[in-house]
Amino acid sequence: MNYRERLKDKKRIVIKIGSSSLTHEETGRLNLPKLEVLTRELCDLRNQGKDVILVSSGAIATGVAALGMKEKPKELKVKQACAAVGQARLMMIYQKLFSEYNQPSAQILMTKNTMVNNINRMNARNTFQELLNLGVIPIVNENDSISTYEIQTLEKFGDNDTLSAVVAALVQADLLILLSDIDGLFTDDPNTNPDAQFIDTVENLDDKLMNMGKSTSRSKVGTGGMATKLTAASIASAAGVDMIIANGKDFHVIHKIIEGRKYGTLFISQPREEFYLIDIIDKLL
Numbered sequence: 001m002n003y004r005e006r007l008k009d010k011k012r013i014v015i016k017i018g019s020s021s022l023t024h025e026e027t028g029r030l031n032l033p034k035l036e037v038l039t040r041e042l043c044d045l046r047n048q049g050k051d052v053i054l055v056s057s058g059a060i061a062t063g064v065a066a067l068g069m070k071e072k073p074k075e076l077k078v079k080q081a082c083a084a085v086g087q088a089r090l091m092m093i094y095q096k097l098f099s100e101y102n103q104p105s106a107q108i109l110m111t112k113n114t115m116v117n118n119i120n121r122m123n124a125r126n127t128f129q130e131l132l133n134l135g136v137i138p139i140v141n142e143n144d145s146i147s148t149y150e151i152q153t154l155e156k157f158g159d160n161d162t163l164s165a166v167v168a169a170l171v172q173a174d175l176l177i178l179l180s181d182i183d184g185l186f187t188d189d190p191n192t193n194p195d196a197q198f199i200d201t202v203e204n205l206d207d208k209l210m211n212m213g214k215s216t217s218r219s220k221v222g223t224g225g226m227a228t229k230l231t232a233a234s235i236a237s238a239a240g241v242d243m244i245i246a247n248g249k250d251f252h253v254i255h256k257i258i259e260g261r262k263y264g265t266l267f268i269s270q271p272r273e274e275f276y277l278i279d280i281i282d283k284l285l
């Protein structure tokens with residue numbers, strides 16, 4: 001079966017962008033030309049009649065740069081302050097760029113309580129659905145300025161990797177695309193092992209593959225390694241969502257993926273008959 005070919009038919013797509021894909025490596029400041037390409041790619045997906053949700057990291061990194069800090073702070077309250085400054089600036093830039101294509105966007109900030117509380121989870125699902133019905137692109141992030149779950153448990157939430165999978169399951173997406181600083185899944189860490197082999201397609205995400213997850217993020221601003229991406233893949237797969245891990249160095253890769261071209265590692269979903277999102281969240285957080 002040509003799994004790549006069926007990507008053209010995906011109707012509801014969640015795209016997660018890591019901090020390292022949004023910023024200049026040398027300074028940690030936002031890479032504006034890349035953001036322009038990103039918004040253009042997402043608007044074109046909307047023009048094709050597809051639902052699009054963007055899960056965007058970068059609030060803390062943007063705040064750090066805006067406040068003139070030399071490096072990412074270690075103290076929790078300083079990180080939260082940076083997130084408060086950075087999230088507002090990040091959304092301002094997104095809305096300005098999307099408005100150039102007459103594309104409405106919206107901000108959704110989530111915490112663990114959004115998902116574990118039955119009423120909040122239902123309200124979140126309804127909000128997403130109504131925004132998509134209205135042709136809006138929701139932009140999602142963890143509410144770092146008040147929540148400590150992602151900031152303190154990075155190995156669990158992993159720079160929005162897991163959050164994007166939870167969102168994809170919540171909205172019953174067809175496809176989740178994780179864009180970061182890695183090309184996809186390899187048999188070993190390609191940064192240290194030149195013999196590592198690239199894995200194009202994963203049809204069964206078994207324990208052997210899950211154990212291959214290592215902390216492979218090389219970025220100063222990102223936090224998610226391969227382990228968090230494999231966790232995201234396991235959630236997406238159980239929820240019936242195909243997933244791709246690809247390199248976010250060039251955001252033109254988005255339309256190439258949707259065209260069925262071979263970029264990144266494709267994880268084929270294996271939906272579970274009894275999939276309870278609340279149970280998944282409790283185990284993770």
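Start counting the sequence shown at 1; every next residue gets the next number (my numbering). Here a beta-carbon is modelled for each residue, glycine too, at the ideal position from N, C-alpha and C.
Whole-angstrom distance between Met92 and Ala84, CA atom to CA atom = The residue you call residue 84 lines up with position 84 of the sequence shown. The residue you call residue 92 lines up with position 92 of the sequence shown. For Ala84 and Met92, the distance between alpha carbons rounds to 13 Å.
C-beta atoms of Ala168 and Val64 nearer than 7 Å = As a working mapping, residue 168 is identified with position 168 in the sequence shown. As a working mapping, residue 64 is identified with position 64 in the sequence shown. Cβ atoms of Ala168 and Val64: not closer than 7 Å.
State buried or exposed for Ile119, treating a residue as buried only when at least 16 other CB atoms are found within 10 Å of its CB.
-> Here the question's residue 119 lines up with position 119 in the sequence shown. Per the 10 Å Cβ criterion, exposed.
Measure the Cβ-Cβ separation of Ile13 and Val52 and say whether it is below 7 Å.
-> Here the question's residue 13 lines up with position 13 in the sequence shown. Here the question's residue 52 lines up with position 52 in the sequence shown. It is a contact, given that the beta carbons lie within the stated cut-off.
Proximity test, Cβ basis, 7 Å: Ala232 and chain D | Among the protein chains of the structure shown there is no chain D, as only one such chain exists.
Are the region 206-213 and the region 225-235 touching, with three or more C-beta to C-beta distances below 8 Å?
-> yes
Reduced DSSP secondary structure (H/G/I, E/B, other) of Ser57 | Residue mapping note: residue 57 aligns to position 57 of the sequence shown, counting from 1. Three-state result, Ser57: coil.
From what residue to what residue does the alpha helix (DSSP H) around Glu41 run?
-> Walking along the sequence shown from the start, residue 41 turns up at place 41. 32-47 is the span of the alpha helix (DSSP H), which, as asked, contains Glu41.
Report all residues from its chain with a CB closer than 8 Å to the CB of His255; omit the five preceding and five following residues, and keep chain order.
-> Counting from 1 along the sequence shown, the entry for residue 255 is found at position 255. Cβ within range, chain order: Glu41, Asp44, Leu45.
With DSSP as the reference, please indicate the residues paired to Glu142 in a beta bridge.
-> The sequence position of residue 142 within the sequence shown is 142, counting from 1. Glu142 pairs with Met110.
Could you tell me which residues DSSP pairs with Ala246 in its beta bridges?
-> Working through the sequence shown from its first residue, we reach residue 246 at position 246. The partner list for Ala246 (beta bridge, DSSP) reads Leu179.
Does the beta-carbon of Asn102 have 16 or more other beta-carbons within 10 angstroms, so that it is buried, or is it exposed?
-> Taking the first residue of the sequence shown as 1, we reach residue 102 at position 102. By the 10 Å Cβ count, Asn102 comes out exposed.
From the DSSP output, which residues share a beta bridge with Val116?
-> As a first step, residue 116 must be located in the sequence shown, where it is residue number 116. Val116 is not bridged to any residue.
Mapping DSSP to helix, strand and coil, what is Ile93?
-> Locating residue 93 in the sequence shown gives position 93, where the first residue counts as 1. In this structure, Ile93 counts as helix in the three-state DSSP scheme.
Using the C-alpha atoms, what's the distance from Thr39 back to Leu176?
-> Along the sequence shown, one-based indexing puts residue 176 at 176. Along the sequence shown, one-based indexing puts residue 39 at 39. Whole-angstrom Cα-Cα distance: 17 Å.
Nearest-angstrom Cβ-Cβ length linking Ala236 and Ala165, presumed shorter than 8 Å | The residue labelled residue 236 in the question sits at position 236 within the sequence shown. The residue labelled residue 165 in the question sits at position 165 within the sequence shown. Confirmed, Cβ separation roughly 5 Å.
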